[in-house]
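Data block below; observations after.
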Amino acid sequence: MKKNFTEDRKKVIKKGALPKHVAIIMDGNGRWAKSRGLKRIDGHRAGIDTVRRIVRLAGEIGIGYMTLYTFSSENWNRPPGEIRGLMEILAQTLEKEIPELHENGVRLQTIGDISALPKRSRDALYEAVEATSKNTGLTLVLALNYGGRDEIVRAIKSIARNVRDGQLNPDNISYKNVESALYTAGIPDPDLLIRTSGEFRLSNFLLWQLAYTELWITDVMWPDFSDMEFFDALESYGIRERRFGKTSQQINRMTRKVASYIIKGESQ
Ligand code: IPE
Ligand code: IPE
Ligand code: MG
2 MKKNFTEDRK KVIKKGALPK HVAIIMDGNG RWAKSRGLKR IDGHRAGIDT
52 VRRIVRLAGE IGIGYMTLYT FSSENWNRPP GEIRGLMEIL AQTLEKEIPE
102 LHENGVRLQT IGDISALPKR SRDALYEAVE ATSKNTGLTL VLALNYGGRD
152 EIVRAIKSIA RNVRDGQLNP DNISYKNVES ALYTAGIPDP DLLIRTSGEF
202 RLSNFLLWQL AYTELWITDV MWPDFSDMEF FDALESYGIR ERRFGKTSQQ
252 INRMTRKVAS YIIKGESQ
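Going by this note's numbering, the residue at position 178 of the sequence shown is 179; the numbering climbs one at a time, nothing skipped.
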């Protein structure tokens with residue numbers, strides 16, 4: 002019964018506008034654990050089960066890219082014990098999950114300054130990225146030691162070096178130059194951003210890339226984020242009107258044009 006219902010919802014979502022790229026701020030692991038009398042680290046462990054489930058579902062639905070905010074550049078300010086625990090969970094999870102990722106055709110990528118991670122996590126990451134690089138299913142991007150401002154400063158440095166070396170005229174600097182100097186070069190901007198735990202902020206996530214992203218925030222803590230919640234977010238996305246500065250009328254005219262083109266195409 003439940004399975005059929007899930008399959009029906011999947012079908013409905015696939016018919017509507019599907020986000021090509023979903024980004025998620027997976028927040029609330031600590032509060033989830035505390036409300037159950039558990040340790041924060043237990044919340045992070047429980048969060049991994051949600052990651053596994055949602056990644057699998059995203060692949061099944063046909064989403065192209067999913068970026069998960071896994072560890073921010075500011076998370077180094079947490080107690081050392083929690084940081085150690087998080088790094089341990091990261092390394093263990095990567096080592097354990099590579100076969101299933103592979104089986105499901107997932108291609109793993111990372112954004113952020115990986116060089117600052119402990120060696121075991123780094124090695125596990127390099128191995129997982131390399132092993133899955135030829136896969137053609139969901140591209141799963143882990144944001145690790147990632148900060149939006151760090152990323153922008155890094156891009157500015159790289160552009161400044163090109164200018165200094167005479168390869169780029171400052172008057173010609175375009176969005177394209179900036180985009181190709183970001184960690185996310187080659188990855189489309191997120192269409193939908195999901196944040197759990199009811200916080201209405203970006204927390205230094207993808208500051209450049211989220212310029213026109215649709216936002217969806219739920220009070221649910223990440224370990225409790227269900228398949229149904231994910232469907233709710235996708236369905237909400239499917240009925241939104243993304244205007245990118247245009248008027249609603251212009252968008253509708255365009256939609257009608259595309260629709261009539263498709264209908265004509267089908268009748269030929
Ligand atoms: C998100 O959960 C996971 C990371 C930031 C690594 P939190 O650990 O931030 O959980 P809360 O926000 O304290 O509940
Ligand atoms: C954002 O969550 C970072 C990750 C989910 C990895 P935080 O819990 O660190 O964000 P703030 O501190 O509440 O803004
Ligand atoms: Mg938090």
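Don't be surprised by glycine CBs; every beta carbon is placed ideally from N, CA and C.
Measure from the alpha carbon of residue i to the alpha carbon of each residue in the options, then state which is nearest.
i	options	result
D228	V56, G38, D43 and G31	V56
V130	K40, G48, H45 and L109	L109
H22	R37, G65 and Q251	G65
S74	R150, K265 and M255	R150
D9	I62, R257, P100 and T197	I62
A234	K4, F6, Q210 and A18	A18
F206	K265, A34 and I153	I153
V13	I252, G239 and R41	G239
Y213	W223, F226 and R243	R243
L91	A125, P100 and W223	A125
A132	E101, K158, I160 and Y147	E101
F201	K4, G29, T7 and L87	G29
Considering only residues of the same chain and omitting the five flanking positions on each side of residue i, which have a CB-CB separation below 8 angstroms?
i	result
G106	G60, N136, T137, G138 and L139
P189	K21, H22, G65 and Y66
I25	I55, M67, T68, L69, Y70, L194, I195, R196 and T197
Helix, strand or coil: which one does DSSP assign to residue i?
i	result
W217	strand
L235	helix
L193	strand
K265	helix
K247	coil
E242	coil
W77	helix
Q93	helix
Beta-carbon within less than 7 angstroms of residue i's beta-carbon, same chain only, minus the 5 sequence neighbours each way: which residues are those?
i	result
E230	T219 and V221
L145	T71, F72, T111, G113, I115 and L118
R123	I115
L183	E152, A156 and W209
L211	P191, L194 and L203
Could you tell me the boundaries of the beta strand (DSSP E) in which residue i lies?
i	result
A24	H22 to I26
S73	Y66 to S73
How far does the alpha helix (DSSP H) with residue i in it extend, from its first residue to its last?
i	result
E61	R41 to I62
Y176	Y176 to S181
Y30	This sequence places Asn at residue 30; Tyr is not what is there. Start and end: N30 to K35.
Only counting the same chain, and skipping five residues up and downstream in sequence, which positions put a Cβ closer than 6 angstroms to that of residue i?
i	result
W33	G44, M222 and P224
G171	According to the sequence as given, residue 171 is Pro; it is not Gly. Closer than 6 angstroms at Cβ, skipping near neighbours: V164.
Counting only runs of 4+ residues fully inside the region 101-167, write out the alpha helix (DSSP H) ranges in chain order.
120-132 and 149-165
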